[in-house]
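Q: The working numbering numbers the first residue of the sequence shown as 31 and each following residue consecutively.
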Amino acid sequence: MADQAFVTLATNDNYARGAMVWGKSLRNHNTSKKLVALIGPQVSEPCQSVLKRIFDEVRVVDVLDSGDTAHLAMMKRPDLGVTFTKLHCWTLTQYSKCVFMDADTLVLSNIDELFDREELSAAPDPGWPDCFNSGVFVFCPSMETYGKLLQYCTEHGSFDGGDQGVLNGFFNNWATADISKHLPFIYNLSSIAIYTYLPAFKQYGGNAKVVHFLGKTNHGATHLTPKPNRLQGACRRPPHTLPSSWTGGPCTPALWCP
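Now the structure itself:
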């Protein structure tokens, strides 16, 4: 449908490169939805040019920063402050429904069925499953909701210093209200889970539809080697066996955007 879109956010060139890979992965799996990139002013012109060739819409937005250095330091992720900028996605009111996905996710098969879900549908966070992970979620753009989210930020802040704390605080009944809003983990398979629960990964990983490269390293710094079922990159962890559907040759977005 023309009024439905996949949305991502890139506040700098590094995340823009991730967004390129993400957008191409959706195109490669024949999505029928629009692709939208929200970008910060720091994204360079060369990267913007590449993004415009992949996305239906590229919109520059103001960067919102939580400024919550204490909680961000606790998580050892000071870079997450600017993820508040993600809240701009609710201003895309030309669309009736959207799926937001972080730029460090990679789509492994067609996932257009996510648009059958309601706001706010998301997968559990592996670190605290009563919270949802805000790397993939279904939402309905609304200026009213956007205003309420900004008000919530002003009054309550974020318990983790980033957007995930805000969204879990705002949509605080997610854990108990409606099980249909709990996306299966295969729609947001954390790369951390590969190392923390390897038996489950071996059992179910082949069904994964989206992999989420959490942490400072994302798939923009990772490549799939010509050898079957191997993922290697800057994570400096030994490679583990991965489903064959994840392989497909080198991924080098740095060549697309200097």
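All C-beta atoms in this analysis are idealised placements derived from N, C-alpha and C, irrespective of residue type, glycine included.
Please report the straight-line C-alpha distance between P156 and S220, rounded to a whole angstrom.
A: If you take the alpha carbons of P156 and S220, they lie about 7 Å apart.
Q: So what's T135 in DSSP terms, helix, strand or just coil?
A: In the structure shown, T135 sits in a strand (DSSP, three-state: E or B).
Q: Less than 8 Å between the beta carbons of F85 and V66, yes or no?
A: Yes. Within cutoff.
Q: Output the residue ranges of the alpha helix (DSSP H) runs that lie fully inside the region 144 to 195 and measure 4 residues or longer, sorted by chain position.
A: As far as the region 144 to 195 is concerned, its whole alpha helix (DSSP H) runs of at least 4 residues are 173 to 186.
Q: Helix, strand or coil for V73 per DSSP?
A: In this structure, V73 counts as coil in the three-state DSSP scheme.
Q: From T99 to L213, what distance separates their C-alpha atoms?
A: Unreliable positioning characterises T99 in this predicted model, as indicated by a pLDDT of 46, which lies under 50. The coordinate reading is nonetheless provided below. If you take the alpha carbons of T99 and L213, they lie about 31 Å apart.
Q: Do the region 152 to 171 and the region 73 to 83 meet, that is, are 3 or more Cβ pairs less than 8 Å apart?
A: Output reads no: the region 73 to 83 does not touch the region 152 to 171.
Q: In this structure, how does DSSP classify H118 when only helix, strand and coil are distinguished?
A: Three-state DSSP puts H118 in a helix.
Q: At a cut of 8 Å, does the region 48 to 67 reach the region 131 to 140 through at least three beta carbon pairs?
A: Yes: at least three Cβ pairs fall under 8 Å.
Q: Evaluate contact between the region 185 to 200 and the region 227 to 236, counting only Cβ atoms and requiring at least three cross-stretch pairs below 8 Å.
A: Contact fails: fewer than three Cβ-Cβ distances are below 8 Å.
Q: Taking the Cβ atom as the reference point for each residue, do F169 and C128 lie within a distance shorter than 8 Å?
A: Yes, the Cβ-Cβ distance between F169 and C128 is below 8 Å.
Q: Restricting to Cα atoms, I'd like to know which of N60, I69 and I209 is closest to T38.
A: When only C-alpha atoms are compared, the closest one is I69.
Q: Give the secondary structure of D124 by DSSP, where H, G and I count as helix, E and B as strand, and everything else as coil.
A: The sequence as given places Gln at residue 124; Asp does not occur at that position. Q124 falls in the coil class under three-state DSSP.
Q: Please work out which residues of its chain come closer than 6 Å, Cβ to Cβ, to S126, disregarding the five sequence neighbours upstream and downstream, and give them in chain order.
A: So the qualifying residues of the chain are D33.
Q: Return yes when the Cβ of L150 is within less than 8 Å of the Cβ of K63, no when it is not.
A: Cβ distance not < 8 Å, so K63 and L150 don't count as in contact.
Q: Does the distance from the CB of L179 to the CB of F200 come in under 8 Å?
A: Contact flag set, yes.
Q: Can you name, in chain order, every residue of its own chain whose Cβ lies under 6 Å from the Cβ of K116, other than the five neighbours on each side?
A: Closer than 6 Å at Cβ, skipping near neighbours: L39 and D193.
Q: Candidates W204, A205 and N237: which alpha carbon is nearest N218's?
A: The shortest Cα separation from N218 among W204, A205 and N237 belongs to N237.
Q: By alpha-carbon positions, which one of G187, K239, D160 and Y176 ends up nearest to A205?
A: Measuring from the Cα of A205, the nearest candidate turns out to be D160.
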